[in-house]
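Per the numbering used here, the sequence shown starts with residue 202, numbered consecutively.
Below is one structure, written out as C-alpha cells, with a few remarks after it.
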Amino acid sequence: MTLTEIIFILSGACAILVFGGKLASLAVMLVPKLFCPLPDDFFTSLGKWAVFFCISCLSLQLSKQGMGVIIISRNREKLDSAARKIELMTGGKVKVIVADFTKDDIYTDIKTVVEGLDIGMLVNNVGILPSQIPCKLLETSDLEERIFDIINCNVKAMVKMCRIVLPGMQQRGRGVILNVSSGIAKIPCPIYTLYAASKVFVERFSQALQAEYKSKGIIIQTVAPFGVSTSMTGHQKPDMVTFTPEEFAYGSLKYLKAGDQTYGSITHTLLGGIVQSIPTWVLRSEVFQQNFKNYVKDRVRR
202 MTLTEIIFIL SGACAILVFG GKLASLAVML VPKLFCPLPD DFFTSLGKWA
252 VFFCISCLSL QLSKQGMGVI IISRNREKLD SAARKIELMT GGKVKVIVAD
302 FTKDDIYTDI KTVVEGLDIG MLVNNVGILP SQIPCKLLET SDLEERIFDI
352 INCNVKAMVK MCRIVLPGMQ QRGRGVILNV SSGIAKIPCP IYTLYAASKV
402 FVERFSQALQ AEYKSKGIII QTVAPFGVST SMTGHQKPDM VTFTPEEFAY
452 GSLKYLKAGD QTYGSITHTL LGGIVQSIPT WVLRSEVFQQ NFKNYVKDRV
502 RR
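The following block contains the structure:
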C-alpha cells in the first residue's frame, strides 16, 4: 500500500468519524428521552433549592418539579410578584434576593442567603447587550460604561455564583450548573463584538469547569440559544427560530444529560450548523454587517 493510499484511507476514516459524530449528536437532540433520559425524580434528587439569575420561567418549571427556588433580580416589585405567582401555582418555597449584577458589591448579601442551603441547581441566565441594535464597538453609546456592565453582568456574575455554590455541590457529590451562552459565540461576530466575546468566555469557562468537577458528580453545561423573545432582544415575535421563554425553558431542560454543551433545541442545533458553515470572509464583510444590522433592526421594530 502506497503512502498516498494510506493518506486517502485515513482522510476518509476521519471524515466518517466526524460525520458520524454529528449524526449522533443530532439523534440525541431529536430523541432526548431515548438517548439521555431524565428520571422522574432527577431534579429533586439534586438538592432542595435551585438558584436563578433574573425572573425566569425556569424557576416555575423547577418549582413544579418540587424544588424550592431562589430568584435574584434588581427589581424588588417584580421579584415579589413572581414569588407570589410561583407560590400560588406550585405551593413551593421561594426566596428572593435584590441585586444588580452590573455592580461589584452584591455577592456578600447573596452568599449570606444561600450559604448552608442544599443548592442542587444553579442557572446562570443573566445577560445584557451593549445596545439593542448591533453596532461596531466604537459606535456603542456610553462605551466605557457598557464595557464595565458587560464584564460584570455576563462574565463576573457567572464566575462569582459558581464560586459561591460549587463548594457545597462538591461536598454533597451532586448538582447541576447551567450557564447560558449564545449561538453567536460559535463564530466571529462583528457588530456583536463585546456580547459575543463575553459568551465565548462563558463556554470556555464552563467546559473547563466541567472537566475539573465531572468526577465529583456535578453536571456543568452550557446552553447556547439563538432567538428567544425576551426584553433583551426587544420581545421579538416568536416564530420557527425564535422561541418564547417558556418554550425554550421547557425544551432545554430535556438535554441536561446530552453533554457539556447544547443549543437547547433541535431548531437551534440546525441553525448552529448553518451559521458555523458561513465562511469567515463573509462575516467580516461590510455588506454582511450592514445587512445583518438592518435585519435585527427590522425584527425589533416589528
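In this text, a Cβ means the ideal position worked out from N, Cα and C, and glycines have one as well.
Item, Value
"Using only CA atoms, which one of M290, Q262, L289, I272 lies nearest to V297?", "I272"
"Going by C-alpha distance, which of F449, S282, G267, S486 is nearest V381?", "F449"
"With contact counted as at least three CB pairs below 8 Å, one residue from each stretch, are the stretch 451-461 and the stretch 420-432 in contact?", "yes"
"So T423 is in the alpha helix (DSSP H); what residue range does that whole segment cover?", "From DSSP, T423 is part of no alpha helix (DSSP H) but of the beta strand (DSSP E) over 419-424."
"May I ask which residues mark the beginning and end of the alpha helix (DSSP H) holding M359?", "358-373"
"Grab me the residues of V401's own chain with a C-beta within less than 7 Å of its C-beta, minus the 5 sequence neighbours each way, in chain order.", "A386"
"Is P389 closer than 8 Å to T303 when the C-beta atoms are compared?", "no"
"Classify R347 as buried or exposed, calling it buried when 16 or more other Cβ atoms lie within 10 Å of its own Cβ.", "buried"
"Beta carbon of V270, beta carbon of L280: below 8 Å?", "no"
"Taking the C-alpha atoms as reference points, what is the distance between P331 and E340?", "10 Å"
"For S466, count the other beta carbons within 10 Å of its own beta carbon; 16 or more makes it buried, fewer makes it exposed. Which is it?", "buried"
"According to DSSP, which residues form a beta bridge with A251?", "V270, M322"
"For V483, count the other beta carbons within 10 Å of its own beta carbon; 16 or more makes it buried, fewer makes it exposed. Which is it?", "exposed"
"Just the Cα atoms here: how many angstroms apart are P391 and K494?", "10 Å"
"According to the Cβ coordinates, are R277 and V295 closer than 8 Å?", "no"
"Can you tell me which of the three DSSP states G473 falls into?", "helix"
"What residues match up with I298 in a beta bridge as DSSP calls it?", "I273"
"Would you list the residues sitting across from N380 in a DSSP beta bridge?", "N325, T423"
"May I ask which residues mark the beginning and end of the alpha helix (DSSP H) holding I348?", "344-351"
"So Q262 is in the alpha helix (DSSP H); what residue range does that whole segment cover?", "258-265"
"Are the CB atoms of V327 and F254 nearer to each other than 8 Å?", "yes"
"Let's test the definition: count the other Cβ atoms within 10 Å of the Cβ of Y456 and tell me whether it reaches 16, buried, or not, exposed.", "buried"
"Exposed or buried, what is D350 when buried is set at 16 or more other beta-carbons lying within 10 Å of its beta-carbon?", "buried"
"E288 to M268, Cα distance in whole Å?", "12 Å"
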